[in-house]
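Letter by letter, the sequence shown follows residues 1 to 158 of full-length UniProt numbering.
Don't be surprised by glycine CBs; every beta carbon is placed ideally from N, CA and C.
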Amino acid sequence: MSSQGDNPIPTQEYIRRAVENSSDFDYDFQSNPWLCALEFIGAENGKIQCTPLSPVNKCLKAARIDQVVAVVKSCTQNGLGGLMVTLKDPTGSIGASIHHKVLGESQHGKDICIGSVLILEKVAVFCPSSSAYYLNITLGNLTKVRMFSLLFVDKSHA
Numbered sequence: 001m002s003s004q005g006d007n008p009i010p011t012q013e014y015i016r017r018a019v020e021n022s023s024d025f026d027y028d029f030q031s032n033p034w035l036c037a038l039e040f041i042g043a044e045n046g047k048i049q050c051t052p053l054s055p056v057n058k059c060l061k062a063a064r065i066d067q068v069v070a071v072v073k074s075c076t077q078n079g080l081g082g083l084m085v086t087l088k089d090p091t092g093s094i095g096a097s098i099h100h101k102v103l104g105e106s107q108h109g110k111d112i113c114i115g116s117v118l119i120l121e122k123v124a125v126f127c128p129s130s131s132a133y134y135l136n137i138t139l140g141n142l143t144k145v146r147m148f149s150l151l152f153v154d155k156s157h158a
């Protein structure tokens, strides 16, 4: 039971509601890093003027995407000092490769983690085959990282 006294709902009902009202259940886009990123790029009423991730695979003729704002959903080291990440925006997700210099030589490298929001400019789309594509994140196209952080309050000293 929740603190408001509501009865719990069955899992199937929860999933049905989540599918019907996905924006209500997607906390990534209600988080402080996402909202700060939107404010940073000058979004009005939550509307962002950047390229959504879902159609990226359809516009592979474009060598670079003007602007991307996305949440980091997963991170894995790639063996070359960089990271392979999955990025997500309200329209979909895409894989991305983060160059090792971004992690070691930039002020943003230490802030890249699951839940952080990346603001990218003029990012290249790499397409090794007709069905595989990902973003290539380098020092030159990472504009800002908004990091997810938790505030822990020690109530024992209150």
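Less than 8 Å separating the beta-carbons of residue i and residue j?
i: Asn136; j: Glu121; result: no
i: Ile119; j: Ile41; result: yes
i: Ala70; j: Leu53; result: yes
i: Ile114; j: Val145; result: no
i: Ile94; j: Ile112; result: no
i: Val123; j: Val68; result: yes
i: Ser74; j: Thr86; result: yes
Thinking just about the alpha-carbon of each residue, which of the options is nearest to the one in residue i?
i: Met84; options: Ala96, Gly92, Thr91; result: Ala96
i: Gln77; options: Pro128, His100, Lys88; result: His100
i: Cys50; options: Asp89, Tyr133, Ser129, Gln107; result: Asp89
i: Tyr134; options: Thr143, Asn32, Ala63; result: Ala63
Have a look at residue i and residue j and give me their C-alpha separation to the nearest angstrom.
i: Ala158; j: Val125; result: In this prediction, Ala158 scores a pLDDT of 41, lower than 50, which makes its location untrustworthy; the coordinate-derived value is nonetheless stated afterwards. If I take the Cα positions, the gap works out to 51 Å.
i: Leu80; j: Asp26; result: 33 Å
i: Trp34; j: Ser116; result: 8 Å
i: Leu139; j: Lys110; result: 13 Å
i: Glu44; j: Pro55; result: 22 Å
i: Met147; j: His108; result: 9 Å
i: Gly104; j: Gly82; result: 9 Å
i: Lys155; j: Glu39; result: Note that Lys155 has pLDDT 41, beneath the 50 cutoff, so the model's placement of it is unreliable and the number below is only indicative. Whole-angstrom Cα-Cα distance: 32 Å.
i: Ser130; j: Gln30; result: 34 Å
i: Ala132; j: Asp28; result: 25 Å
i: Asn32; j: Thr143; result: 18 Å
i: Cys127; j: Ser106; result: 26 Å
Which stretch, first to last residue, makes up the alpha helix (DSSP H) that contains residue i?
i: Lys101; result: 100-105
i: Ala37; result: 32-41
Hey, quick one: how far does the beta strand (DSSP E) through residue i stretch, first residue to last?
i: Val72; result: 64-77
i: Ala124; result: 117-126
i: Asp28; result: Taken as a continuous stretch (DSSP letters only), Asp28 belongs to no beta strand (DSSP E), as it is neither H nor E.
i: Leu53; result: Note, Leu53: premise wrong, no beta strand (DSSP E); not H, not E.
i: Ile137; result: 134-137
i: Thr143; result: 142-146
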